[in-house]
Each structure stands twice: as C-alpha cells, then as structure tokens.
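S.K.: Residue numbers (the working numbering): 63 to 152.
C-beta: ideal position from N, C-alpha, C; glycine also.
Quantities reported herein were computed from a predicted structural model and do not represent experimental measurements.
Take a look at this one; I'll ask things after.
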C-alpha cells in the first residue's frame, strides 16, 4: 500500500495504528458475549503484532482513552494529513 502514491501521486496513503495494552484488549474481549475471539487468541495476536516504526505515514493513537477521544484524534490526524498533502500536490 505504501507504494501506491509512487504510481499515482494523487493518492494519499496514511496509517492510523490503534494501540492498546494486552491487558486492555483482554478486558475488552472478556466483556463481549459470544465473541469468537477468546483470550488465547488475543495473546497470540498480540505476540505477532508488529507496531509501526516512527514513519511519516504511520500515526499511533492510544485507545485507552474513550471512544470519542480516539475518534477525535484520528479525524484530526486525517484532516491534518490531507491538508498538508493536498497543499504539497497543488
């Protein structure tokens, strides 16, 4: 996906990585009724998780804050990125 703008500079590719501790994820899964993902799956997924490097196209947002705050931060990042990229392409 990162190479898409090389082929078409009008494309804007950015990644938002929603970060949470394993404990937070386990608590959330435990709160879900009849969900396919059990605690053992969370652990295995967490073990193989690759956190993005500090690259210009990846922003990390901590999801331990409320859902509304995560949404606000994500939208802020997207709007800032789009504004800067659009100005660069003009």
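#1: Can you tell me where the beta strand (DSSP E) with residue 80 in it begins and where it stops?
#2: Just reading off the alpha helix (DSSP H) that residue 113 is part of, what are its end residues?
#3: Can you grab the Cα-Cα spacing for the pair residue 103 / residue 96, in whole Å?
#4: Look at the Cβ atom of residue 124, then the Cβ atom of residue 81, and state whether they are nearer than 8 Å.
#5: With DSSP run on the structure shown, which of helix, strand or coil describes residue 121?
#6: Residue 121: buried (16+ other C-beta within 10 angstroms of its C-beta) or exposed?
#7: Taking only the alpha-carbon atoms, compute the straight-line gap between residue 90 and residue 115 and give it to the nearest angstrom.
#8: In this structure, does DSSP put residue 104 in helix, strand or coil?
M.R.: Let's see:
#1: Its beta strand (DSSP E) spans residues 77-81.
#2: From DSSP, residue 113 is part of no alpha helix (DSSP H); its letter is neither H nor E.
#3: 14 Å
#4: yes
#5: In this structure, residue 121 counts as strand in the three-state DSSP scheme.
#6: buried
#7: 26 Å
#8: The answer is helix: DSSP assigns residue 104 an H, G or I state.
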